Structures are given as structure tokens and as C-alpha cells.
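Sequences listed follow chains A and B, in order. Residue numbers for the first sequence follow this note's numbering, beginning at 3 and rising by one. Residue numbers for the second sequence follow this note's numbering, beginning at 538 and rising by one. Just so you know, even glycine gets a beta-carbon here, dropped at the ideal spot from N, CA and C. All of these numbers come straight from a predicted model, not from anything done at the bench. Step one of this worksheet: look at the structure below.
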Amino acid sequence: MKQKSFSIPAMAILGILGLIFTAVADLMLSSYITSVISFIFLYMILAVSLNITNGFTGLFSLGHPAFMSIGGYVAALLILPVFRKEFFLPDLPPWLAVQQWPFFPAILVGGIVAALVAVIIGYPVLRLKGHYLAVATIGTIFIVRVVLKNTEELTRGALGLNGLGFLSSIWWIYLWLVITVYVAWKLKFSSWGRTMLALRENEMAASCLGINTTMVKIAAFVIGAFFAGISGGLWAHLTTVITPESYSLGLAFNLVVMVVIGGSGSISGALIAAGGISLLVEYLRPLEEALGMYGLGQILISAALLLVLIFRPKGLFGTGELSILRKEITYRSAR
Amino acid sequence: MLRLTKRMKPIIMISLIMMAAMAMVFAAGQKEAAADAPIKLAGMYNLTGGFSSIDAPGLNGAQLQAKLINEAGGVLGGRMIEVVGYDTQSDQQAAATQAKRALDQGVIAGLGYGDTTFVMAAAPLFQSAGLPFVTSGATHPELPKWVGDMFFMVPFGDDDQSFAIAEFAWEDLNARKVVVWTDDSMDFTLALSKFFKQRFNELGGTIVHEVFFQTGDTDFSANIARLRDSGADAVFVGSIPNEAGLTVKQIREAGIDMPIISADGYDTELVATVPGPQLANDVYFSTHTYRNDDRPEVTRFVEAYREEFDRDPENAFAALGFDAVGLIADAIERAGSTDGKALQKALAETTEYQGVTGLIAYTRPSRVPEKPVAIIGVQNGEFEYLETWWPGN
């Protein structure tokens, strides 16, 4: 039984188009517009990774910003040059004060640390279901924030870290977008992915089939947290600032909106919804400034969510994908 | 072949949409042609949020100076100056993003902010781009060291203003035991308290205890309870404008009459309006000089501000914004160009720019100007100039 989950030509064309787009943006557009596009790519990474936790596995997690903070701070602390650490963070433990890592490994470590924290948090928290899980993950945002504010020797507390290097070029972010989409896609169309989808539909039935629901849930949570940590590191080095308040519940809400509008469980849906919504918010910014109505974009996002939930609760694609990207999976019976 | 075409159509459509999107974004990203366009300065200010009471006047002062310079003929033989305002909403991330946007829009220098933390979010971007940044109101004495050689301060440093109010408290208020309240979420307030305690201890005074709070706090009752039992002669509140009015109001509402002292974070009308005229009493703070000063620069500034905005300058930060643009324009004339390096050199060599807030000269190795500090008292909601303190006393 031969099955390919995706049409390679279609994916390749999209990947190359994306690459061309990135090249055009980097070389020909102003650096402000390039950073706007970088933010749009970051939202796509976040939406797709949240889809793994919320969409595939049905865990209502609002904890992405907590992992972004962890990943962001770890990456920032590793990347910050030693001379800056001396006057910015004079009380760092000596082994940390001499570290000065290049960009890619530091971001990676940020993601790994976020994933480790997710393992630790996951065991107790993922026993909860539905609303309880949501509230517990909101709690993690606040716990992480308070820890960051109070470990001043490590993090400068509430002041945050600023003047970080502007290292997240659009190329790095595009690379991570490709990695995230690839991992998500491979995951979805593998037995792991089908297990997660089954767990989402009916956990009791899934465990009756012999699935270790705990392992699957923690795996989904951890993978989502890893990419959230990566995004946090990328985001911090795009805005050059990170504070304990940087990634908040508001961001978690927007990400959930993107996942819902795109369709829980649909990767192309998450990409399109994330791209569309963040593009819309950027477009509205001059209007917001002209009218003095800051927050107009946020109002529209919430309104869009309401409309989608009322008229098309499955979202754009439901659990499916953009049809041209999928190749027919044909099950041939034994002949 | 037919099946391929069917599959290809959506791919072609998507490719066309993406190319259209690229074209749109490309068109939006085109920069304006320079030609004889005005000289643009980026006015980075927090026009909304917790810092608006000092930053909005700052931008007003900056744009007023640009207007006056243009009316007098501009710089470099007739080119007009334009201060483009960027509101960063008292949010550090917005500060960094808007700084990038400003740099994209062809500014030749940046100026602004009344607070150290926001300068640290925006100025390093100007430093990396090789363009000068002149802060109108951020006062941390280590800022020039932290940001780099493209960075210049118009105001005095926190060390000077804290020393000034410490000495005022010792000599004029006869305070010997002081309680210190510190906002530990801002670089600025941490610096203020550090320098205040240093000078007050040197004079022989005692700091009874120190408590902390954070920007955004609205309830100070725990600190007030400790204050009441402290037996102190005065309380020093290291706060930014956002908490200035609230702290005075709650301390006075609790029936505590001791003098409340602070630094330029209290130079905001909130200190009088929030507590109201009955409670806004016995408040003293150090700030930048311009009130009650009859130098010609000051009179000219106050009159021009009244004419432009139909009111007196709200606080010293308006005068500082005014001075920042004046300093940059003066440096442009001395440098003879708007090139980043030339401008930086001319700014660094400033030895006698007569600003509204005093003489600006970068003679100290720390590159922090040595400027006079004014002590202002608030009685019955009225601001009253009391005396001037000079550094190096």
C-alpha cells in the first residue's frame, strides 16, 4: 500500500515561491517592510505549532506565550555579548557571564529549554481537560512572568533586556517556517498524527485501542512548546527587546483565533489564517494611527472569530488541507 | 495531460496571487525620492500611555523649535527641518519597531523620550545605523556609555538631580531620617534612589527603610502603613510620572503630612491634578531649569509656546524637547552637512549651546552635560520655583 501524503511538486513550488518572495523582500524592500513580513512569518510558525497542540490533539492550550518567553530569554542570555553582560547583568553566575553564542545554536537551545519546561509542566497539567486545561496553561504564562520578574540577577527583572542584536533576518525566519511546516506535515500524515487526531475525537476510545494517551498528549505539548520557544528567540532578536510582559495572554488569544479560523488540525488553514490576519493588522496600522483608534485590528480579529464560530465553526479547512497539496491516498485492497 | 492541467490551475492561481501580493508590498515599500526634501528628524515619543504627560509636551517643544527655525530661514542655506513624530505608546517593543520604521523613512537623526528605558529600546538602532540620537529627557548618567558615541543627552544626569534634592532635603527641610520608595521596574527610578541614598548618607542622614513598587501599581497602602510607623522626617519617592500623582494622593489621604520629595519624574501636572489642590502640599522635586528664569531664550520659548498651543509649557520636558531640536540644528550648521559622522562630530564638540534649560556642553568624560537643577515646591496644587542647585558644589 503506497501512500504519499503530499504532492511533492506542489509543495516544492510553494517552497520556492516563498524563497523568491523572501529574496525580493530582503533585497528590494525597506527594512521596515521586511520586518513586517518577518512578523507575519513568525505568526505563521506560531499558528502552525499551536495547531499541533490544539488542533491535532485537541488540547486547549493557551500557554504558547510562556514558552516564547522562556525561549526568548534563554536565547537572549546566550547571545548577549560578554561586555554587555558585564554592565547589564553584573550578577550573572560566572559560567553564564562568559557565554557568547552564535545565533542558530542559541535559538535552538532556547527551543530545547522551552520543550524541557513543557515536559515538566505537562505531566501535571495535561491531566486536566477542556476549560481546566485552558486555565492551567494561562497560569503558566503568569508563573513564567513572575519568575522572570523576580530572578533579577539573571533577567534584570521587570526591566527586561533591550539593545539585543537585530539578528533575526527574514532568511532565518523563513528557514524556521519551512522546518515547522515540514515537521507538522510529516507528523500529521504519520501514525503519530493519526493517533493525535484520534485522541482529539474521543480520548476514551483511543485509550481503549491501546494508545498511551499521556505520552501522546505530552509529545504534542512539547513539540508545540519547542517551536514556541524558537519563535520567542526569533521574535526577541527581531524587536531587539524582551521583557517579562512581552508575550501575553492577548497573543495567546490571537493565536487561538488563527488556529480556529484556519481550521483546527489544518496546517494550510493555520498558515493562511495567520498570514491573512497579521497582514490585515499591519495594513490597518496607518488607519489606527490616523484615527487615533489603537486596537482596531484587535477588534476586527475578535469580530472575525465570532463570525467564524457562528457561521462556519469548522474554520476554513476543518481538519483537511488545501486540496492541491494533497495527493490522493489510495488504499489498494489486496489483489 | 488533462489531469495535470486540472491540478496546475490552482497552483497557477496561487502563484499569481503571491506575485500580486509581492507587487503590492513592493509598491508600498518604495521610499520617497530625496531631491530638496526637508531635513527629517525622528521625534520618538510616547504620546499615549504612562509617559504621555511628559512626552507629549516634549514633542510639542521639538516641533515648535522646528517651526521657529523654519520661519527664520531654515538651516544650511534654506532647507526646512521637519520633526516627524512617532508614538510608541509607552511600549518598549513598539519603541524598537518604530525606530526601525523611522530609520527607513530617511531621517538624519533621532531625538526624544523622557525616560531611560525607552531610549535603551530605540537609540541602539540609531547607533547601529550610524545616526545620532539626542535624548531630550532621559537622564541616566551611564546612557552615553551604554548606547555609544552617537548618543547625546540634553538633560543633566540622575546623579546630579538626586544629589540636588538630597541636599535640599538636608539643608532646607532639615530632614535627617528619610524613607525611600523605589519603582524597581524602571532603570531611571533605580538610578534616582541609588544616587539619593548615596548623597543623603554622605551628608550624615539616615535612610530608615526602603520599599519597592512597580510601574502600574495603584495601591500603596502597604508602603504607607510602614511609612506611618517609621518616624521619618520625609519620604523620597523614586517614581515615573505615572505614579507621581497617585503616590502623593494616597500618602496625603492617609493623613501623613511629612514632605514628599522626588526628582523630575514628579515634573508633571498629575502631581497637582490627581491629589487635588487641598492635598497637593509640601511636595518638592528637582527638575530641569526654565521656570522663573528671565534669560532671553526662556522668555522667547514660553511666549512662542503660549502662542502656538494656547497654554503655558506643561513642564520642563517641553523645554527639553525644544532644546533637543535646537541643539541638532545648531550642530547641522556647524557641521555644514547632515551626514551622520559629521553631525556626530559637531555634536560631540558642543561647548556652548545656550538652551532654554541651561548651557549644554559635553566637557565631562561621561558626556553628561553639567547643568543647573531647579527645585520646585508644590503648595495648594501650585508649582513654585524655589532655588537652583549647581553641580560641583
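* **Reference A221/A; option with closest CA among R86/A, I122/A and F106/A** => I122/A
* Using a Cβ-Cβ cut-off of 8 Å, state whether K568/B counts as contacting chain A. => In this prediction, K568/B has a pLDDT of 45, which is less than 50 and means its spatial position is unreliable; what the coordinates show is noted afterwards. Taking Cβ atoms only, chain A reaches closer than 8 Å to K568/B, which makes this a yes.
* DSSP bridge partner residues for T672/B (one or two, in chain order) -> G649/B and M690/B
* Where the stretch 631-646 of chain B meets chain A: residues whose CB sits under 7 Å from a CB there -> A633, T634, K637, R638 and D641
* Give the interface partners of Q735/B over in chain A, defined as CB-CB distance under 8 Å, in chain order. => Correct list: empty, because the minimum Cβ distance to chain A is about 17 Å.
* Just the C-alpha distance for F228/A and G113/A, rounded to the nearest angstrom, thanks. => 5 Å
* Identify every residue that forms a DSSP beta bridge with G580/B. => G622/B and L648/B
* To do: With 8 Å as the threshold, decide whether the Cβ of D721/B is near any Cβ in chain A.
  => yes
* CB contact below 8 Å: A658/B versus chain A -> yes
* To do: Entirely within the stretch 159-222 of chain A and at least 4 residues each: give me those alpha helix (DSSP H) ranges in chain order.
  => 172-190, 193-203 and 205-210
* To do: Jot down the residue ranges of each uninterrupted beta strand (DSSP E) in the stretch 256-296 of chain A, minimum 3 residues, whole runs only, in chain order.
  => none
* **Those residues which DSSP pairs with S823/B across a bridge** => I912/B
* To do: Rounded to whole angstroms, what's the CA-CA distance from E569/B to S32/A? Just pull it up for me.
  => Bear in mind that the predicted position of E569/B carries a pLDDT of just 44, short of 50, making it unreliable; the figure below should be weighed with that in mind. C-alpha separation (whole angstroms): 11 Å.
* **Boundaries of the beta strand (DSSP E) in which Q922/B is found, first to last residue** => According to the sequence provided, residue 922/B is Tyr. The question's Gln does not apply to it. E919 to W926 is the span of the beta strand (DSSP E), which, as asked, contains Y922/B.
* To do: Evaluate contact between the stretch 852-860 of chain B and the stretch 818-834 of chain B, counting only Cβ atoms and requiring at least three cross-stretch pairs below 8 Å.
  => yes
* Please report the residue range of the beta strand (DSSP E) in which G895/B lies. => G895 to I897
* To do: Inspect the beta-carbon positions of T245/A and Q629/B and report whether they are closer than 8 Å.
  => yes
* **Proximity winner among G159/A, A254/A, S268/A and A276/A, relative to F58/A (alpha-carbon distances)** => S268/A
* **Close Cβ partners of L298/A (< 8 Å) along its chain, the five nearest in sequence each way excluded** => L286, L289 and E290
* Asked: If you draw a straight line from the alpha carbon of T585/B to that of S722/B, how long is it in whole angstroms?
  -> 19 Å
* DSSP three-state call for V811/B: helix, strand or coil? -> coil
* **Which residues DSSP lists as bridging W972/B, in chain order** => Because chain B spans 538 through 930 in this model, residue 972/B falls outside it and cannot be assessed.
* To do: Mind listing the chain B neighbours of V243/A? Cutoff is C-beta to C-beta under 8 Å, in chain order.
  => Q629, Q630, A632, A633 and A658
* To do: Could you check the C-alpha separation between Y803/B and G615/B for me, to the nearest Å?
  => 40 Å
* **Buried or exposed by the 16-neighbour rule on C-beta atoms within 10 Å, applied to Y125/A** => exposed
* Of all Cβ atoms in chain A, is any one closer than 8 Å to the Cβ of L662/B? -> yes
* When you compare only the Cα positions, how much space is there between A572/B and W173/A? -> Residue placement at A572/B cannot be trusted, given a pLDDT of 45 that sits under 50; the coordinates are not used to answer.
* Asked: How would you call I331/A, buried or exposed, if buried means at least 16 neighbouring beta carbons within 10 angstroms?
  -> Residue placement at I331/A is poorly supported in this model, since its pLDDT is 48, which falls under 50; the coordinates still yield a value, given next. Exposed, since its Cβ has fewer than 16 Cβ neighbours within 10 Å.
* Could you spell out where the beta strand (DSSP E) holding G74/A opens and where it closes? => Per DSSP, G74/A belongs to no beta strand (DSSP E); it is in the alpha helix (DSSP H), H66 to I81.
* Show which residues of chain B have a CB atom less than 9 Å away from the CB atom of F89/A. => E679, K682 and W683
* To do: Spell out whether any CB of chain A is found under 8 Å from the CB atom of Q751/B.
  => yes
* the stretch 161-176 of chain A: which residues have C-beta closer than 8 Å to a C-beta of chain B, in chain order? -> L161, G162, N164, G165 and F168
* To do: Tell me whether Q815/B is buried or exposed, calling it buried when 16 or more other Cβ atoms sit within 10 Å of its Cβ.
  => exposed
* To do: State buried or exposed for K131/A, treating a residue as buried only when at least 16 other CB atoms are found within 10 Å of its CB.
  => exposed
* Cβ-based contacts, 7 Å cut-off: residues of the stretch 55-76 of chain A near chain B -> none
* Asked: Is A571/B close to chain A, meaning its C-beta is less than 8 Å from at least one C-beta of that chain?
  -> The pLDDT assigned to A571/B is 48, lower than 50, so where the model puts this residue is not dependable; a value taken from the coordinates is nonetheless given after this. Taking Cβ atoms only, chain A never reaches closer than 8 Å to A571/B, which makes this a no.
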